[in-house]
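FYI, in our numbering the residues of the sequence shown are 698 to 724. No residue lacks a Cβ here, since even glycine has one placed at the ideal position from N, Cα and C. The next block holds one structure in the form of structure tokens; read it before the comments.
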Amino acid sequence: MLHYAVVFLVIAIIAAVLGFSGVAGAA
Numbered sequence: 698m699l700h701y702a703v704v705f706l707v708i709a710i711i712a713a714v715l716g717f718s719g720v721a722g723a724a
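So, in structure tokens, the structure goes:
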């Protein structure tokens, strides 16, 4: 359970970084 939580957290962070950079690049 904890392993899946960590994996989900990492994916969420990466998605947030990519989304932020994408918005900044579009702007």
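Residues of its chain near residue i, where Cβ-Cβ distance is below 6 Å and the 5 sequence neighbours each way are ignored
i, result
"G716", "none"
"F705", "none"
Spatial distance of residue i from residue j (CA atoms)
i, j, result
"Y701", "G719", "26 Å"
"V714", "V703", "17 Å"
"L699", "G722", "34 Å"
Test: residue i CB closer than 9 Å to a CB of chain C
i, result
"F705", "Looking at the structure shown, chain C is missing, and only one protein chain is on hand."
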